[in-house]
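Everything in the sequence shown is counted per this note's numbering, starting at 1482 for the first residue and increasing by one.
Think of the CB as a built atom: it goes at the ideal place given N, C-alpha and C, for glycine as much as any other residue.
To start, the structure under review is shown below, and the notes come after it.
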Amino acid sequence: MALTKREKKERPKVERIVETSRVNNEDNVASTEQNKKEWTAKDRRTIKIDPDIKSLIEIFSDFDGTKEYETVRQMAEFYLKNNYDERAQRIITNIQKEKFIN
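What follows is the structure, given as structure tokens:
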């Protein structure tokens, strides 16, 4: 019973950030190429959303002159950049890379 009120540990704070990368630059090039990959209609998946959100996505797409899936992609990238810290962004992108390796 002593562990029920266990408090969440804080993440360690980094005092000095090192500029050297642990990964090769070739990996970074591969990730940008992966983002540019064209998906076929067969590869795309249906997502279920509320009608009012669907309407907003349609309006945004028409306003920008892009396809709806491109608008959703831009929204997802914006959400990733603005709602997660750098460490979480790296973790999420690494998970996504592992998921879509051919």
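- Cβ-Cβ distances below 8 angstroms link residue 1546 to nothing in the same chain once the five nearest sequence neighbours on each side are left out.
- Distances from the alpha-carbon of residue 1551 to those of 1520, 1530, 1564 and 1561 put 1520 closest.
- The beta carbon of residue 1539 sits closer than 8 angstroms to the beta carbons of 1549 from its chain, once the five residues preceding and following it are set aside; these are given in chain order.
- For the options 1537, 1553 and 1500, the alpha carbon positioned closest to that of residue 1528 is the one of 1553.
- Between the C-alpha atoms of residue 1494 and residue 1558 there is a straight-line separation of about 26 angstroms.
- When secondary structure is reduced to three states using DSSP, residue 1565 falls in the coil class, being assigned neither helix nor strand.
- The C-beta distance from residue 1561 to residue 1573 rounds to 6 angstroms, short enough to meet the 8 angstroms contact threshold.
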